[in-house]
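Be aware that the sequence shown starts at 836, since it is given in our numbering, and climbs by one per residue.
Positions of the beta carbon are idealized from the N, C-alpha and C atoms, including for glycine.
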Amino acid sequence: MKSLSNRSIEVSNKKMTFMERIYLPAVIGGLFITLKHLFMKGATIKYPEQTRPVSDVYRGKHVLKRDEKGAERCTACGLCAVACPAEAITMTSAERKKGEEGLYREEKYATVYEINMLRCIFCGLCEEACPKEAIFLTTEIMPANFERQDFIYGKDRLVEPIDKRVDVSNRQTIEVVTQKFND
Ligand code: SF4
Ligand code: SF4
């Protein structure tokens, strides 16, 4: 009968030879392949001591950016959380008090901002949704952990340190790069 896919294989009922019946040549052949792989360059690397180079726009761990004066950009509008298909982002907002202008750029800010990295699929939609250029994904590969709680990233691990800014210029729009953003 003609096969529709042209990929059918005819099954052979031919009797096994003596050598095939004792399986030894096949076992030795298998061992030889194993031995050959012992001397070949491994396909894996010793992560986390070694890492592979990633693209400039690789989507890794998030960062919550500060503005040029050091104030947090996030205004807790919630658009990133709404855009997130994995429902990984939660936040609590508060009104900025008098005297806190240097800490928070807008009148509203996030007192709590958490990303559940076990839910996150690193799609980058939060970054795209943010109207304040406050959240970006960086090229930092997410570290492995043992406890679930360690995958809940709060502001302590998301907001960039004031003295150790995270360069996201590869991902920022031209308005931010040229610092045309006004309060
Ligand atoms: S990268 Fe995607 S999945 Fe992860 S927090 Fe942002 S929107 Fe959600
Ligand atoms: S990160 Fe951006 S989108 Fe998300 S709450 Fe803050 S300002 Fe809004």
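Looking at the DSSP output, LYS943 bridges to GLU930. GLY877 has its alpha-carbon roughly 41 Å from the corresponding atom of GLU968.
DSSP places GLU962 within a helical segment (H, G or I) once states are collapsed to three. Shown here, LEU953 sits in coil according to DSSP, grouped into three states, outside any helix or strand. Secondary structure of PHE971 (DSSP, three-state): strand. Approximately 6 Å separates the beta-carbon atoms of LYS943 and GLU930; this is inside 8 Å, confirming the contact. Ligand 1 has no heavy atom closer than 8 Å to the beta-carbon of LEU899. A contact between stretches requires three or more CB pairs, one per stretch, nearer than 8 Å, and the segment 934 to 942 fails this requirement with the segment 851 to 862.
Looking at the backbone, the Cα of TYR988 and that of SER840 are separated by about 51 Å. Using a Cβ distance threshold of 9 Å, ALA923 and ILE950 count as a contacting pair.
Inclusion of THR910 in the 8 Å shell around ligand 2 follows from its C-beta lying nearer than that to a non-hydrogen atom of the ligand.
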